[in-house]
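Worksheet: one structure, shown below.
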Amino acid sequence: MQPPPSRARGILADGTCHAVFGQGTAVVFIHGVGMSQDVWTPQVIGFCRQHTVVTYDMLGHGQSPLPPEQASLGDYAEQLRRLLDQLGIQRAHVVGHSMGALVALEFALREPGRCLSVTALNGVYCRSEAQRQAVMDRVQSLHSSSSMAGIDNTLSRWFGEPVPAALVPAAQLCRRLLGSVNLTGYARTYQLFAHSDRAHEGRLSELQPPALFMTGEFDPNSTPDMSQAMAEAAPRGTRRVLANERHMMCLTGAPQVHAELQPFLLAAEAGTTDLEAA
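One rule links them: number in our numbering = place in the sequence shown (from 1) + 3.
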């Protein structure tokens with residue numbers, strides 16, 4: 004699957020690697036830990052006919068610079084603000100996956116006037132003790148296990164073991180991205196991801212833009228209950244759960260993601276208040 008030709012691509016003044024496709028209202032997509040902007044190809048194809056689609060490598064990933072050693076979500080939200088400024092985009096829909104969902108929500112809380120809407124795909128929120136211990140164990144494994152073993156374990160969580168035949172291409176892309184990620188950038192970002200599941204606890208009531216919280220039925224770490232809790236906390240929040248999907252549904256369930264996301268974006272642009280009817 005190849006994206007359409009971009010109308011702008013390169014490295015911005017602050018070092019952020021980005022690409023811009025299509026014309027229309029802007030939609031910015033933010034990838035998760037260990038991935039890159041390449042993971043959004045299905046969404047670029049699906050949305051660029053009606054929107055300006057912006058993808059970029061978050062700090063520590065792809066060709067973008069490293070985050071600070073003790074990074075905060077604010078550092079990643081600030082990267083997004085600079086990206087919009089340098090592209091001359093005043094307002095945009097902001098869509099993030101996993102770690103990118105945390106960044107998207109942080110940006111929307113800090114810069115509500117610049118968000119037409121915010122979407123958290125497979126977002127984490129207030130992990131249980133067992134979930135928290137599992138993610139902390141993975142943080143420790145960054146320092147104690149081989150990179151290949153870590154990739155195998157990650158792909159097993161995301162796609163199952165063995166990987167179903169229909170999901171092999173998506174798993175191969177994720178293996179390539181995980182295998183080429185900057186190890187320092189990955190470690191710093193994952194460390195932040197592991198400790199940020201409560202970063203928005205008590206703050207989502209301040210979220211002003213329409214907010215969509217969407218996850219997969221069988222995502223054990225970004226669960227439907229997490230999306231439900233976030234949707235209930237956000238004044239204009241709504242939840243969607245995709246049947247039979249897991250963590251990488253932006254790849255494995257791209258048509259279903261598009262079918263939910265497109266009407267949500269259009270409703271937000273139109274100022275529709277009853278987003279459950281979107």
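C-beta: ideal position from N, C-alpha, C; glycine also.
Computed from a predicted model, the values in this text were never measured in an experiment.
Thinking C-alpha only, which one of the options is nearest residue i?
i           : options              : result
residue 109 : 128, 153 and 137     : 128
residue 59  : 154, 196 and 38      : 38
residue 72  : 272, 15, 193 and 80  : 193
residue 222 : 186, 202 and 157     : 157
residue 136 : 79, 200, 25 and 45   : 200
residue 227 : 124, 160 and 203     : 124
residue 79  : 30, 161, 104 and 239 : 104
residue 274 : 91, 190, 69 and 239  : 239
residue 182 : 64, 169, 170 and 131 : 64
residue 173 : 42, 76 and 31        : 42
residue 235 : 208, 225 and 99      : 208
residue 34  : 191, 61 and 205      : 61
residue 225 : 83, 101 and 74       : 101
residue 36  : 45, 126 and 81       : 126
residue 138 : 83, 82 and 198       : 198
Please go through the same chain and pick out, in chain order, the residues whose beta-carbon is closer than 7 Å to the beta-carbon of residue i, but skip the five residues on each side of it.
i           : result
residue 295 : No information on residue 295 is available, as it lies outside the stretch 4 to 281 that the chain covers here.
residue 243 : 215, 217 and 263
residue 232 : 128 and 129
residue 161 : 177, 249, 250 and 251
residue 51  : 7, 24 and 25
Please confirm whether any heavy atom of the ligand ATP lies closer than 8 Å to the CB of residue i.
i           : result
residue 176 : Among the components of this structure there are no ligands whatsoever, and the ligand ATP is therefore not found.
Please report the distance separating the alpha-carbon of residue i from that of residue j.
i           : j           : result
residue 265 : residue 142 : 35 Å
residue 22  : residue 7   : 11 Å
residue 180 : residue 28  : 29 Å
residue 184 : residue 175 : 14 Å
residue 56  : residue 26  : 8 Å
residue 153 : residue 93  : 40 Å
residue 196 : residue 10  : 32 Å
residue 131 : residue 140 : 14 Å
residue 159 : residue 229 : 22 Å
residue 241 : residue 272 : 16 Å
residue 54  : residue 237 : 26 Å
residue 270 : residue 205 : 26 Å
Please classify residue i as buried or exposed, where buried requires at least 16 neighbouring CB atoms within 10 angstroms.
i           : result
residue 247 : exposed
residue 14  : exposed
residue 187 : exposed
residue 116 : exposed
residue 4   : exposed
residue 169 : exposed
residue 171 : exposed
residue 89  : exposed
residue 12  : exposed
residue 95  : buried
residue 91  : exposed
residue 99  : buried
residue 45  : buried
By Cβ distance, which residues of its chain are closer than 6 Å to residue i, with the 5 residues on each side in sequence left out?
i           : result
residue 245 : 219, 252, 256 and 259
residue 261 : 49
residue 47  : 6, 24 and 56
residue 17  : 85
residue 74  : 191 and 195
residue 167 : none
residue 203 : 108
Within its chain, find whatever has a CB closer than 8 Å to the CB of residue i; leave out the 5 residues flanking it on each side and keep chain order.
i           : result
residue 149 : Bear in mind that a pLDDT of 49 at residue 149, under 50, signals an unreliable position, so the number given afterwards is only what the model happens to contain. None.
residue 77  : 109 and 113
residue 40  : 20, 21, 22, 32, 34, 58, 59, 60 and 65
residue 69  : 62, 63, 185, 187, 188 and 191
Continuous beta strand (DSSP E) assignments of at least 3 residues falling wholly in the stretch 108 to 139: Note on the stretch 108 to 139: whole beta strand (DSSP E) runs with a minimum of 3 residues are 118 to 124, in chain order.
May I have a chain-ordered list of the beta strand (DSSP E) segments no shorter than 3 residues that lie completely inside the stretch 62 to 108? 95 to 100
3-residue-minimum beta strand (DSSP E) runs that sit fully inside the stretch 165 to 233, ordered along the chain: 214 to 219
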